[in-house]
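Heads up: the structure comes next, in structure tokens.
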DNA sequence: TGACAAATTTGGAACGTTCCAATTATTTAG
DNA sequence: CTAAATAATTGGAACGTTCCAAATTTGTCA
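Protein chains in written order, with the numbering used here: chain A, 78 to 426; chain B, 78 to 426.
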């Protein structure tokens, strides 16, 4: 079935030039005569030649493999799917192709896939590290000069670039908005306490509480898995407190959706009976009912930026690690029961 | 920064054996003495050697690159994200790594990414073809002996394996269920008429209509983009018909969600005022409000099966193209206003 | 036209692995 | 103890490209 491969030598032969010339044409070198170039290109098309990057990589530097890796901790979360799409867009148009793997929060799996990607010679890696990833896990990778950009989560002590959203400011905004609507008992729901994201967002929550003259009570901070199911669990616990909160900021949109589910299970309507704000602005946030008020981080844009950052580092040879924080903005929709929506809601009744 | 690479020769030297022996160890050959193997492995770890698959591929057959490609037409659709996760699971544990690309329904982009993947020497490809893909687009790929498995959509005339869900039977089930609930005017909403998926599902709809003694009227078949926005548009058009439908089967879940949105915009509550059934059973289907009655195709399982099929073909050398249709089942939830849910609904009032 | 410069082309040595045939070391059988 | 068989190891060619230094062709100017 598989007829034998057409190589650069076959092309050279058919075009009546040397393999070196063909190679030059392949690389778009300006050194070759226009006529020759045309002839070679014609033969290439005619014989159906396909470039063998493996062979080329053997001779060239590491950083020219035109492969980047992207490994995320949970691809079923649409935030990461979006992120991957963003990355794909920019690497694709830069002529790269991406290895994508999902770790499902397993550091073992993560170690394996990164090792596998290294064997294949990736020029760079975009990583949303699994929970529990340590700087040591990235040690050999960075030592070998492969640029790494961490997204979403940082790894303490790792000398790699990172792109995270402005978690603290974002959560600050969310709390301020709720306080502005008159809420005093605002809960912080969801997330694993040992993650940087949790810490940052919680810090923003606390900042804002004191800034708005409220008391950040520890029992209003309820951690859980950062998932829809986690959200349900968290609101369950919040609703049995002696002094129930009247509003909540959630670690992310998934948790927020779960919180809405949980509220309904208790005959409470999110938006009118209880205000909830998410974080991320995943696609479903705007179409859900009620539409979710959330902090928009534009996952696809974040993917694009991460890819650009990575490509910059790849091309720069050995740029310094760079930490960029991506700004976020509050998107007010219905789930927080904002004034404008209240009017609309009343009009319906 | 990047210190020079450790090669098999360095290992050989340090372990006091020849490079051939090291190579044998790397491949887990039984020909090498246990003592030697242990010594070599120790050195490998010690020097931090990383296997260079590019070099190995140069010498080995095409089919051993341990890379498979997966290209989908819309990664932002969580159906495909799920599918990719399924594929990743099985290829990962088979020691493969996957190139993943998104075409966004562009055949040009698709052509580019497939070409790029070929250059990198993929051993096989899982493809959910962009709209408008023709058999000719896959011609060179299959001619070069690279196994291809089409998923979700087939490409007429292409001699490649395919894995599609049983669209016809699934839609048949959906319609029969609605008819059983007493609905007579059932619309078929969403999808582009020039796709095989549309044709199959529509056929199932028509089958079932006549089987249930109903008349399949053409004005009840309303095509649109197979997206949430398309669903909104489709239901808009359905609601201005002289004789409004009272229920709808939708091309997929995305359309169904859009239909629900559109219904609410007209003060109609999906589930009680109008029955809607989707297709795919994406993750959100069970947590949405109302939970979506839909035809479950288990996207992740489908990804796993596609990957298994592909790996089988890769290992077989040159297996025949195989067309497998994956069975589906109706999952009754709230959006169709099924009896069990009506009771629950009444209890709430 | 000759000399020099510029433009183009080229052979061969790498790159890091696998594979083959051949070699050497170790057992086993007689 | 030797021959044959078996186990283990090995050097070198090959894979398809790029890179370098050198060679060849073409063009320019006096």
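For every residue, glycine included, the Cβ atom is placed at its ideal position computed from N, Cα and C.
Shortest alpha-carbon distance to residue 95(A) belongs to which of 114(A), 228(A), 334(A) and 391(A)?
Taking only the C-alpha atoms, the option nearest residue 95(A) is 114(A).
Determine whether the Cβ of residue 265(A) lies closer than 8 Å to any Cβ atom of chain B.
Chain B has no Cβ within less than 8 Å of the Cβ of residue 265(A).
Limits of the beta strand (DSSP E) - the one that residue 264(A) falls within
Residue 264(A) -> beta strand (DSSP E) spans 263-266.
To which residues of the same chain is residue 182(A) closer than 7 Å at the C-beta, ignoring the five residues directly before and after it?
Counting only Cβ-Cβ distances below 7 Å, and skipping sequence neighbours, we find 150, 151, 207 and 208.
Just the chain B side, please: which residues come within less than 7 Å of residue 165(A) by C-beta, in chain order?
Neighbours of residue 165(A) on chain B, chain order: 178 and 179.
So for residue 325(A), helix, strand or coil by DSSP?
In this structure, residue 325(A) counts as strand in the three-state DSSP scheme.
If I measure Cβ to Cβ from residue 187(B) and keep anything under 6 Å in the same chain, skipping five residues before and after, which residues do I get?
Within its own chain, the residues whose Cβ lies closer than 6 Å to the Cβ of residue 187(B), once the five positions on either side in sequence are excluded, are 180 and 207, listed in chain order.
For residue 333(A), the nearest candidate out of 283(A), 363(A) and 319(A) (CA to CA)
When only C-alpha atoms are compared, the closest one is 363(A).
Nearest-angstrom Cα separation, counted from residue 250(A) out to residue 242(B):
Note on geometry: alpha-carbon atoms of residue 242(B) and residue 250(A) lie some 46 Å from one another.
Sorted by chain position, which residues of the same chain lie with C-beta nearer than 6 Å to residue 419(B)'s C-beta, five sequence neighbours on each side aside?
Because residue 419(B) sits at a pLDDT of 42, beneath the cut-off of 50, its placement in the model cannot be relied upon, and the point is left open.
The beta strand (DSSP E) that contains residue 406(B), what's its start and end?
406-408 is the span of the beta strand (DSSP E), which, as asked, contains residue 406(B).
Output the distance between the C-alpha atoms of residue 166(A) and residue 240(B), rounded to the nearest integer angstrom.
Computed Cα separation, rounded: 27 Å.
Tell me where the alpha helix (DSSP H) around residue 390(B) begins and ends.
For residue 390(B), the uninterrupted alpha helix (DSSP H) segment begins and ends at 376-393.
As a quick exercise: from 124(A), 125(A) and 139(A), pick the residue whose alpha carbon is nearest that of residue 131(A).
The shortest C-alpha separation from residue 131(A) is found at 139(A).
Run down chain B in chain order and give the residues with a C-beta less than 9 Å from the C-beta of residue 152(A).
Chain B residues near residue 152(A): 158, 159, 161, 162 and 165.
Quick check: residue 355(B) and residue 338(B), are their CB atoms within less than 8 Å of each other?
The answer is no: Cβ separation not under 8 Å.
At least one CB of chain A closer than 8 Å to the CB of residue 325(B): is that the case?
Contact with chain A is absent for residue 325(B), since none of that chain's Cβ atoms lies less than 8 Å from the residue's Cβ.
Quick one: Cα of residue 309(A) to Cα of residue 367(A), how far?
Rounded to whole angstroms, residue 309(A) to residue 367(A) spans 16 Å at the Cα level.
Of the listed residues 153(A), 108(A) and 198(A), nearest to residue 137(A) (C-alpha basis):
For the set 153(A), 108(A) and 198(A), the Cα lying nearest the Cα of residue 137(A) is the one of 198(A).
When you compare the CB positions of residue 169(B) and residue 178(A), do they come within less than 8 Å of one another, or not?
Yes; because the gap between Cβ atoms is below 8 Å, this pair is in contact.
Going by C-alpha distance, which of 381(B), 379(B), 383(B) and 358(B) is nearest residue 372(B)?
In terms of Cα proximity to residue 372(B), the closest of 381(B), 379(B), 383(B) and 358(B) is 358(B).
Considering only C-alpha positions, which residue in the set 376(B), 156(B) and 353(B) is nearest to residue 414(B)?
Per the Cα distances, 353(B).
Pick out the complete alpha helix (DSSP H) segments inside the segment 151-181 of chain A, 4 residues or longer, and give them in chain order.
Counting only runs that start and end inside the segment 151-181 of chain A, the alpha helix (DSSP H) elements of at least 4 residues fall at 155-170.
Report the residues of the segment 193-218 of chain B with a CB closer than 8 Å to any CB of chain A, ordered along the chain.
Answer set for the segment 193-218 of chain B: 193, 194, 195, 196, 197, 198 and 217.
Taking only beta-carbon atoms, is residue 244(A) less than 8 Å away from chain B?
So, not an interface residue.
Determine the contact status of residue 148(A) and residue 204(A), defining contact as a CB-CB distance below 8 Å.
Contact annotation: residue 148(A) and residue 204(A) have beta-carbon atoms nearer than 8 Å.
The beta strand (DSSP E) that contains residue 227(A), what's its start and end?
225-228 is the span of the beta strand (DSSP E), which, as asked, contains residue 227(A).
Using a Cβ-Cβ cutoff of less than 6 Å, which residues in the same chain neighbour residue 162(B) once the five nearest sequence positions on both sides are dropped?
Excluding residues within five positions, the ones whose Cβ falls inside 6 Å are 377.
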